[in-house]
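Protein chains in written order, with my numbering: chain A, 1 to 355; chain B, 356 to 710.
Protein chains: 2
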Amino acid sequence: MKEVLGDIERWRARGDRIALATVVATRKSAPRPIGSKLAISASGEFAGSVSGGCVESDVYDHACRILEGDAPQLLSYGISDDQAFTVGLPCGGEIDVFVEEVPNTLVDRLVGVVERQERAVLFTVVEGESIGRELLVLEDGEQVGEGLSEASDQTHELLRGGRSQLLSLGDGTKVFAEVFGPPPRLFVYGAVDTGEALCRAAKAIGWRTILADARAKFATPERIPSADELIVGWPEEALERVRPDYQTAVVVLTHDDKFDVPAIKGALDTDAFYVGALGSRRNQALRRERLLEVGVPAAELERIFGPCGLDVGADSPAETALSILGEILAVRARRDGGSLRHAKGRIHVEEAQPA
Amino acid sequence: MKEVLGDIERWRARGDRIALATVVATRKSAPRPIGSKLAISASGEFAGSVSGGCVESDVYDHACRILEGDAPQLLSYGISDDQAFTVGLPCGGEIDVFVEEVPNTLVDRLVGVVERQERAVLFTVVEGESIGRELLVLEDGEQVGEGLSEASDQTHELLRGGRSQLLSLGDGTKVFAEVFGPPPRLFVYGAVDTGEALCRAAKAIGWRTILADARAKFATPERIPSADELIVGWPEEALERVRPDYQTAVVVLTHDDKFDVPAIKGALDTDAFYVGALGSRRNQALRRERLLEVGVPAAELERIFGPCGLDVGADSPAETALSILGEILAVRARRDGGSLRHAKGRIHVEEAQPA
Numbered sequence: 001m002k003e004v005l006g007d008i009e010r011w012r013a014r015g016d017r018i019a020l021a022t023v024v025a026t027r028k029s030a031p032r033p034i035g036s037k038l039a040i041s042a043s044g045e046f047a048g049s050v051s052g053g054c055v056e057s058d059v060y061d062h063a064c065r066i067l068e069g070d071a072p073q074l075l076s077y078g079i080s081d082d083q084a085f086t087v088g089l090p091c092g093g094e095i096d097v098f099v100e101e102v103p104n105t106l107v108d109r110l111v112g113v114v115e116r117q118e119r120a121v122l123f124t125v126v127e128g129e130s131i132g133r134e135l136l137v138l139e140d141g142e143q144v145g146e147g148l149s150e151a152s153d154q155t156h157e158l159l160r161g162g163r164s165q166l167l168s169l170g171d172g173t174k175v176f177a178e179v180f181g182p183p184p185r186l187f188v189y190g191a192v193d194t195g196e197a198l199c200r201a202a203k204a205i206g207w208r209t210i211l212a213d214a215r216a217k218f219a220t221p222e223r224i225p226s227a228d229e230l231i232v233g234w235p236e237e238a239l240e241r242v243r244p245d246y247q248t249a250v251v252v253l254t255h256d257d258k259f260d261v262p263a264i265k266g267a268l269d270t271d272a273f274y275v276g277a278l279g280s281r282r283n284q285a286l287r288r289e290r291l292l293e294v295g296v297p298a299a300e301l302e303r304i305f306g307p308c309g310l311d312v313g314a315d316s317p318a319e320t321a322l323s324i325l326g327e328i329l330a331v332r333a334r335r336d337g338g339s340l341r342h343a344k345g346r347i348h349v350e351e352a353q354p355a
Numbered sequence: 356m357k358e359v360l361g362d363i364e365r366w367r368a369r370g371d372r373i374a375l376a377t378v379v380a381t382r383k384s385a386p387r388p389i390g391s392k393l394a395i396s397a398s399g400e401f402a403g404s405v406s407g408g409c410v411e412s413d414v415y416d417h418a419c420r421i422l423e424g425d426a427p428q429l430l431s432y433g434i435s436d437d438q439a440f441t442v443g444l445p446c447g448g449e450i451d452v453f454v455e456e457v458p459n460t461l462v463d464r465l466v467g468v469v470e471r472q473e474r475a476v477l478f479t480v481v482e483g484e485s486i487g488r489e490l491l492v493l494e495d496g497e498q499v500g501e502g503l504s505e506a507s508d509q510t511h512e513l514l515r516g517g518r519s520q521l522l523s524l525g526d527g528t529k530v531f532a533e534v535f536g537p538p539p540r541l542f543v544y545g546a547v548d549t550g551e552a553l554c555r556a557a558k559a560i561g562w563r564t565i566l567a568d569a570r571a572k573f574a575t576p577e578r579i580p581s582a583d584e585l586i587v588g589w590p591e592e593a594l595e596r597v598r599p600d601y602q603t604a605v606v607v608l609t610h611d612d613k614f615d616v617p618a619i620k621g622a623l624d625t626d627a628f629y630v631g632a633l634g635s636r637r638n639q640a641l642r643r644e645r646l647l648e649v650g651v652p653a654a655e656l657e658r659i660f661g662p663c664g665l666d667v668g669a670d671s672p673a674e675t676a677l678s679i680l681g682e683i684l685a686v687r688a689r690r691d692g693g694s695l696r697h698a699k700g701r702i703h704v705e706e707a708q709p710a
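This is the structure:
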């Protein structure tokens, strides 16, 4: 959405009505990911892309007719190998694109959501009787549009998981739930090698990384180049500044109770969706005692992932980082790690069907 | 070992005897990883490091006495927080360092092993009656030294796992098994985004990366900057060039049976320790049929990890790469990739005890 914002604002400023085409599902290789947008103005301009050129022309034609009064439409395209080839994709797949005219009030609010990185879910009926109905729900409950309560009941869970996806409602209606918001955050306490490796791996998947250590000598950009933000401070100060929320993973790496205990205690006082700590099983047990002593309720200790990480036999800092980040992703997606070929559930989130 | 080779060869050339100090175990934070070496010549020179400066002076003194006739020794050091601080480590841990004089014949062969990246395991008794006994076993069975058959029976498994570690023999003898050889290799077929992301992640853990695709337009350094080697060729040609062995993971990513089927079939004809392929469960089933049709024995199909990756809810290419590389590490270490806090076994390989 961000890439078409400038054009949309320009068109809106002169009073143009606007159609949006959005990739709502992909199968096999797709040129552009779910959520990719082509915006079309009533005066015939366009911005963005849903397929890097394979199907834009056809989508554009549909959008023009919709701006002239046609009903919104869900279009499915097979990307042939030849088409894929011309856009630099080794082989083709299939994409579903929903095209609709978006009401001005909704466009205006959406622009604000994207510009200010507000957390919100836009529900759009893409198949079913009320095709084209839309509802924008913000994190604080603010709504633009109405209805769709069966879908909007899932707002919090969708914001938590952070993935745009197609929902199937009880009556067969298909709703595209598009999740907006800032990237998840990783907060690491401990300027050790594994901390740098963890920040590096998290940046590679698009997360914002913050690392803190009480010792200015260690929390330096030279030692920790992959932290978007470096904080020199004790755990309490650092947590106060970072304020972990339900989109923040906290990993405590110092191996030293002087830092680990207040860092874990502080993290458990937040909504952090993941609180992980290194250490052998013996040290985990000792640390639990320390945490109980400083007043952490026993039930809260269950939130600690310790020893943290997936059981992949990690050895070096980079391998340990991969193991921990894998567990963080799994926890966020409510998966349990383990080989996919033995897993019973879905593979990709975009194939999700709510229960 | 590589970092001290030049000095060792120089000392050997003038006939000096040589002592080697090796980190054989670490607990909590350690300044240098397992296998790190300090080499000391009989004329008093030294090279390398076992702790970045914390304990080198004491190790050096022991090495000098050993070169004067003292018995080899296993030394344990606690790295205090203050010492750790001075070497840039946020907190201290413990390291065990074994110091010994290494016989000339063994030094000579070891130099060759390291220079030519030969696969070999050096077994050294670090605790027990025969302390200081050494046996070098190469992949092809060549041996320098004798005895230690209970340990050397594990040579193949140690080479496969690729981790230096302490072994405990039945009589309580402790043997440090140091594994030498080139880094593991990742071979990806399919110049797609996930292929680049996978090469990038594998390079971050020190692996050698090779990617192949039949289409020259895709297998370019611009699209796949993280491949150490790019091959333009059909699966059969590429596999013939790469010759995957038991230290090679093969991942097939094209989504197209025209490439996937011969790539998987060819990979199954090798000793590759991992053969993974993308695709939904339905496509996996269809592909199995195709593989049976082209003559792959049913039992061999069990070697395929498909859908490949750990169940972490991966979505983007970078997340999918992390999920696949996590599974590759787990398979190599014979772990199952679930959360460590629920795992019953050991966390780090260096704490390994053979059965």
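Beta carbons: idealized from backbone N, C-alpha and C, even for Gly.
Best match in the options for proximity to residue i [C-alpha to C-alpha]
i: Gly-170(A); options: Phe-273(A), His-62(A), Glu-293(A), Glu-129(A); result: Glu-129(A)
i: Gly-162(A); options: Ala-263(A), Pro-184(A), Glu-142(A), Glu-150(A); result: Pro-184(A)
i: Gly-132(A); options: Gly-195(A), Phe-98(A), Val-4(A), Ile-324(A); result: Phe-98(A)
i: Ala-571(B); options: Thr-564(B), Ile-560(B), Ser-581(B), Leu-585(B); result: Leu-585(B)
i: Gly-500(B); options: Asp-463(B), Lys-529(B), Val-469(B); result: Asp-463(B)
i: Asp-362(B); options: Pro-386(B), Ile-395(B), Pro-388(B), Thr-377(B); result: Ile-395(B)
Minimum Cβ-Cβ distance from residue i to chain A less than 8 Å
i: Cys-728(B); result: In the structure as shown, chain B begins at 356 and stops at 710. Residue 728(B) is therefore absent and cannot be evaluated.
i: Ala-710(B); result: Legend: pLDDT at Ala-710(B) = 32, less than 50; position of this residue unreliable, value from coordinates given subsequently. Closer than 8 Å: no.
i: Ala-698(B); result: yes
i: Arg-687(B); result: yes
i: Asp-691(B); result: yes
i: Lys-392(B); result: no
i: Ala-669(B); result: yes
i: Glu-551(B); result: no
i: Leu-677(B); result: yes
i: Arg-555(B); result: yes
i: Ser-384(B); result: yes
i: His-417(B); result: no
i: Glu-364(B); result: no
i: Phe-660(B); result: yes
Beta-carbon gap between residue i and residue j smaller than 8 Å
i: Glu-327(A); j: Leu-310(A); result: yes
i: Tyr-544(B); j: Ala-604(B); result: no
i: Ala-676(B); j: Ala-582(B); result: no
i: Leu-167(A); j: Ala-25(A); result: no
i: Arg-376(A); j: Leu-278(A); result: Lying before the first or after the last residue shown, residue 376(A) is absent from chain A, which here runs from 1 to 355.
Environment of residue i [buried if 16+ CB atoms lie within 10 Å]
i: Ile-100(A); result: The sequence shown places Glu at residue 100(A), not Ile. Glu-100(A) should be labelled buried.
i: Glu-533(B); result: buried
i: Asp-416(B); result: exposed
i: Ser-43(A); result: exposed
i: Glu-319(A); result: buried
i: Gly-621(B); result: buried
i: His-610(B); result: buried
i: Pro-182(A); result: exposed
i: Glu-411(B); result: buried
i: Asp-82(A); result: exposed
i: Pro-221(A); result: exposed
i: Arg-341(A); result: buried
i: Gly-172(A); result: exposed
i: Lys-613(B); result: exposed
i: Trp-11(A); result: buried
i: Pro-317(A); result: buried
Cutoff 8 Å: residue i Cβ touching any chain B Cβ
i: Ala-299(A); result: no
i: Leu-340(A); result: yes
i: Arg-163(A); result: yes
i: Glu-157(A); result: no
i: Lys-2(A); result: no
i: Ile-205(A); result: yes
i: Ala-318(A); result: yes
i: Asp-228(A); result: no
Chain E within 8 Å of residue i, Cβ atoms only
i: Glu-644(B); result: Among the protein chains of the structure shown, namely A and B, there is no chain E.
Complete beta strand (DSSP E) runs within the region 628 to 684 of chain B (minimum length 3 residues, chain order): 629 to 632
Segments assigned alpha helix (DSSP H), at least 4 residues, entirely inside the region 523 to 588 of chain B: For the region 523 to 588 of chain B, whole alpha helix (DSSP H) runs of length 4 or above, ordered along the chain, are 548 to 559.
Start-end ranges of the alpha helix (DSSP H) lying completely within the region 65 to 119 of chain A, minimum 4 residues: As for any alpha helix (DSSP H) of minimum length 4 sitting wholly inside the region 65 to 119 of chain A, the runs are 81 to 86, 104 to 115, ordered along the chain.
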